[in-house]
Amino acid sequence: QVLPDLDVNQVKTLAGLLTEEEERVVALLGCEQTGKGTVVFARTPDVDLHMGQLLRHVLGQFGGGGGGHPELAQGGGVAGAVLEELLKTALEQVRTQYHTESPR
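Residue numbers (the numbering used here): 203 to 306.
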């Protein structure tokens, strides 16, 4: 989800809160400041996906970059206008890799 009213630190905090106490959660969040998009991907420990690899793969398709760890990753270098499409692409990748129709 794109969160236009939050800065990247607030988005990271939100991702942490979403993945702190729940199970089977993948948070794919983005924000835009001065026309530039930043994304944060996070997951709960029980989800077997590497957020850093996912982020690099998806951002690479949109000309951006970033990195991170298995449970949390951050990146940018993309126009804010492509955030919705980028996050949709990331969600499709999660569904393909995790074989689920309804990640939260």
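Virtual Cβ for every residue (Gly too), placed ideally from N, Cα, C.
Proximal residues to residue i (C-beta, below 6 Å), its chain only, five neighbours per side dropped
{"i": "A217", "result": "A229, L231, V242, A244"}
{"i": "H271", "result": "G254"}
{"i": "E223", "result": "none"}
Same chain, Cβ closer than 8 Å to residue i, five either side skipped, listed in chain order
{"i": "V284", "result": "G239, F264"}
{"i": "P247", "result": "E273"}
{"i": "V213", "result": "L205, L231, G232, C233, T240, V242"}
Helix, strand or coil at residue i according to DSSP, with G and I counted as helix
{"i": "Q203", "result": "coil"}
{"i": "G218", "result": "helix"}
{"i": "L291", "result": "According to the sequence as given, residue 291 is Thr; it is not Leu. Reduced to three states, the DSSP call for T291 is helix."}
{"i": "R245", "result": "strand"}
{"i": "T298", "result": "helix"}
{"i": "V228", "result": "strand"}
{"i": "L208", "result": "coil"}
{"i": "L274", "result": "strand"}
{"i": "E303", "result": "Below a pLDDT of 50, predicted positions are generally treated as unreliable, and E303, at 49, falls in that range; the measurement from the model is reported next regardless. Coil."}
For residue i, the nearest candidate out of the options (CA to CA)
{"i": "G262", "options": "T291, D248, L274, T236", "result": "T291"}
{"i": "Y300", "options": "L219, V227, L208", "result": "V227"}
{"i": "Q295", "options": "L208, T236, V260", "result": "V260"}
{"i": "L257", "options": "G237, L293, E234", "result": "L293"}
{"i": "G237", "options": "D250, D209, T298, L220", "result": "D209"}
Residue(s) in a DSSP beta bridge with residue i
{"i": "G262", "result": "DSSP lists no partner for G262."}
{"i": "E234", "result": "G239"}
{"i": "A281", "result": "K238"}
Nonlocal neighbours in the same chain, by C-beta distance under 7 Å from residue i, ignoring five residues either side
{"i": "E286", "result": "V204"}
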